[in-house]
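There are 2 protein chains.
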Amino acid sequence: MSVSIKDVAREAGVSTASVSRVLSGKPGVGKATEKRIREVIKQMDYRPNLGARGLVQQKTGNIAVVVPRGSFILNNPFFSTVLDGIAQGIDQTDYNILMSFTSTQQKKLLEKKSVDGIILFAPRIEELTLESLKKIGLPIVVIGSYVEDSPFPCVRPDDEDGIAQAVQALYQLGHRNIGFINGPLSSMHSINCLNGYTKELNNLGLDYLDENILELDEFDASKATNEISTFFKEQKITGVVCASDYLAVGAIKAATTVGLSIPEDLSIVGADDVPISSFITPSLSSVHVDLLGIGKKAASILLDMLLGKQIENKEVVFKMKYINRATTSSPKE
Amino acid sequence: MSVSIKDVAREAGVSTASVSRVLSGKPGVGKATEKRIREVIKQMDYRPNLGARGLVQQKTGNIAVVVPRGSFILNNPFFSTVLDGIAQGIDQTDYNILMSFTSTQQKKLLEKKSVDGIILFAPRIEELTLESLKKIGLPIVVIGSYVEDSPFPCVRPDDEDGIAQAVQALYQLGHRNIGFINGPLSSMHSINCLNGYTKELNNLGLDYLDENILELDEFDASKATNEISTFFKEQKITGVVCASDYLAVGAIKAATTVGLSIPEDLSIVGADDVPISSFITPSLSSVHVDLLGIGKKAASILLDMLLGKQIENKEVVFKMKYINRATTSSPKE
DNA sequence: CTGAAAGCGCTTACAG
DNA sequence: CTGAAAGCGCTTACAG
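Here it is, written out as structure tokens:
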């Protein structure tokens, strides 16, 4: 079909072994021979078949980025920013990125040998069981938290502290009635966020009120605008912390819908400080974390595992930092 | 190393040929034999090596999604929505998606045989030459416009008409001084948009004024807020059309910065109607196009090409439709 | 219905 | 420095 290493070898009058050595930069080829081979390669426009190489080297050269609930997560800038980091982290290596967004694709990935390692966006417990993941015996790095006793290295924001910072920031602005909009508790992320919220209320000597908390089915505020509006109408909170920026954008919309102006009537804080947050109007107060760094770190850990290195640090937690922007102010008198 | 087809064959007491036939659902295996083989496969947790299969079938089983300037584009929801469509379009097939965001990755992709086909997000002329693309001899589908005489099938929004609709919408609201914020003219997309703008001005009998147009270096308004602010200060326009929603979000910010309130002082229209546009506050008037459909269509065309079908329709253009939301109104008296 | 064997395009000891 | 040969894990005519 297309030109193979044999064609190159024949054309250059050498063995395939020599061509292979030149290709992979291995020593043991004379200068003149190498030059000739390189010329033939270029001239014939030879492109090595990665599958064949992988076959003998017992690796695929691909790493997978697995995104459960892709259709939804794709619209969340959190994902694209972290992905950008992963791409940068992988860039200088020979690996390619295989992406999986749907459960069908995940199946394809897990039921065949098609990748050497996996970066997994924190799945829900129902979605991918520990067992099935362990069984495939591939290096896996999780982004965000997965389950309590996960054996896989994980890199994640310090959500608990981040949300605590947000609560504290509102407190310092003078708020005493602080609400919380969370995702579903089937996600470890939500659990961590909730912990941060309750702990900080406690620290501050504020009462914990069930009615101050709204738990959404999904981190998708666009579907939940009505729910959030109702929540706001029934509350006497003056500030609200959201478990993600995306949720916060939804909260802004919901608040506006019910006639609350921001930040005068209601202060809103997001989490993760996605790039667009500083960019929308009004710019969103949020808790910043180095999302790009998280992606890069996940990539570098996986790369280390692929090299057979032992990972000492099973959990890399990125510090978060509150950033005050235009959606927060002191409450009205 | 891990379990291969040979191990399965031995364990089941059959030849590898039979195992292979079962695996690929080919006929010619007795019921009982098949049952036994399936059991062994499951029991040994056998996973076929895609590289080996590809080697004999002369294909990789991967298709590439190539995103030039990934770091930037990743933050643009346009991309993630279309990608979602691609993922859905590919979902029922055996193909995996290989993603390439950086020029390094593109090189890896193009210099090796690692994919069977490519979906290419419209590159700039400087980035990927027609020549280099043609040379690799793979089926390629372009999303958005590439170059005038590109031989590759392309699926894209009808930008020209979309921008024209936006101009007309503003006109009908009473605007007579309508500005335009565009991306760089090295992109066919920008050229189409500009055409739509000028043509519609002409239709409407409005004067074309150079000073009413701002051409940005990149479709990245976050870097250009200052530039846009300056632009607004120097203009007497009452409405502005932007070549993308992302640009429009930047325009909102810039306008706010210079003390213009929206839509009272300035009406703003985006393009592409990215999911978050309807969701931000104020919700963005935009020109809608079925981004998901674009992704799906691109995938289905590529799939057809991979099947060897002849593509009659070299260009699939998606209709756009103006949607009035909260960033537009009649100009102040 | 079933299997032996060739071959896909590479790499890698091994021998010289 | 160089090459002949084995082998990676599959599939696919071919023969029975």
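Each protein sequence line maps, in turn, to chains A and B. One gets the working numbering by counting positions in the first sequence from 1 and adding 10 to each. One gets the working numbering by counting positions in the second sequence from 1 and adding 10 to each. Ideal placement from N, C-alpha and C gives every residue a C-beta, glycine not left out. Since the model is a prediction, treat every value here as computed from it, not as a measurement.
- For a Cβ distance threshold of 7 Å, residue set I262, K263, T266 of chain A lies close to T291 of chain B, ordered along the chain.
- Runs of the beta strand (DSSP E) lying entirely within the stretch 189-229 of chain A, each at least 3 residues long, are 223-225 in chain order.
- Every alpha helix (DSSP H) stretch that sits fully inside the stretch 49-88 of chain B and reaches 4 residues is listed by chain position as 60-67, 80-83.
- The beta carbons of A132 of chain B and Y156 of chain B sit closer together than 8 Å.
- At the C-beta level, D55 of chain A and K145 of chain B come within 8 Å of one another.
- Look at G40 of chain B here: in three-state DSSP terms it is coil, with no helix or strand label.
- Against chain B, the beta carbon of M109 of chain A has neighbours under 9 Å at V75, L93, A97, N106, I107, L108, M109, listed in chain order.
- Taking all protein chains in view, the Cβ of Q53 of chain A is surrounded by fewer than 16 other Cβ atoms within 10 Å, so the residue is classified as exposed.
- Counting only runs that start and end inside the stretch 94-152 of chain A, the beta strand (DSSP E) elements of at least 3 residues fall at 106-110, 127-131.
- D104 of chain A has its alpha-carbon roughly 30 Å from the corresponding atom of E141 of chain A.
- Interface residue (Cβ-Cβ distance to chain A less than 8 Å): L140 of chain B is not classified as such.
- Here F328 of chain A is near D168 of chain A, since their CB atoms are less than 8 Å apart.
- Only buried fits T338 of chain A, as 16 or more other CB atoms lie within 10 angstroms of its CB.
- Between V251 of chain B and A176 of chain B, the C-beta gap is smaller than 8 Å, which places the two residues in contact.
- Close partners of R48 of chain B in chain A (Cβ separation under 8 Å) are lacking, with about 13 Å as the shortest Cβ gap.
- DSSP places E325 of chain A within a strand segment (E or B) once states are collapsed to three.
- Cβ neighbours of I153 of chain B within its own chain (closer than 8 Å, five residues either side excluded): V92, I129, L130, F131, A132, C164, V165, R166, I304, G305, A308.
- Proximity of G305 of chain A to chain B, defined by a Cβ-Cβ separation below 8 Å, is not satisfied.
- Of B:L312, B:L216, B:L211, B:A265, the smallest CA-CA separation from E237 of chain B is found for B:A265.
- For a cut-off of 8 Å, the C-beta gap from L148 of chain B to G172 of chain B is around 31 Å, too long to register as a contact.
- Per the coordinates, the alpha-carbon of T240 of chain A lies some 20 Å from the alpha-carbon of Y218 of chain A.
- For L84 of chain B, the residues of chain A that pass the 7 Å Cβ criterion are S90, L93, D94, in the order they occur in the chain.
- Of all residues in the stretch 210-233 of chain B, only S232 come within less than 7 Å of chain A when Cβ atoms are compared, listed by chain position.
- In the DSSP assignment, D282 of chain B is bridged to B:H298.
- Taken through DSSP and simplified to helix, strand or coil, G318 of chain B comes out as coil.
- A residue is called buried once 16 or more other Cβ atoms fall within 10 Å of its Cβ, and K263 of chain A is buried on that count.
- About 7 Å separates the beta carbon of N192 of chain A from that of L226 of chain A, a gap short enough to meet the 8 Å contact definition.
- For the stretch 130-163 of chain A, the residues whose beta carbon sits under 8 Å from a beta carbon of chain B are, in order, K145, I146, G147.
- Counting only Cβ-Cβ distances below 8 Å, G64 of chain B has contacts in chain A at G61, in chain order.
- Chain B has a Cβ within less than 8 Å of the Cβ of D101 of chain A.
- Apart from sequence neighbours up to five positions away, the residues of its chain that approach S310 of chain B with a beta-carbon distance below 6 Å are G99, ordered along the chain.
- A distance of 8 Å or more separates the beta carbons of Q245 of chain A and G280 of chain A.
- Here L195 of chain A is exposed. Its C-beta has fewer than 16 other C-beta atoms within 10 Å.
- The shortest CA-to-CA distance from K45 of chain A to any of A:V29, A:I278, A:N59 is the one to A:V29.
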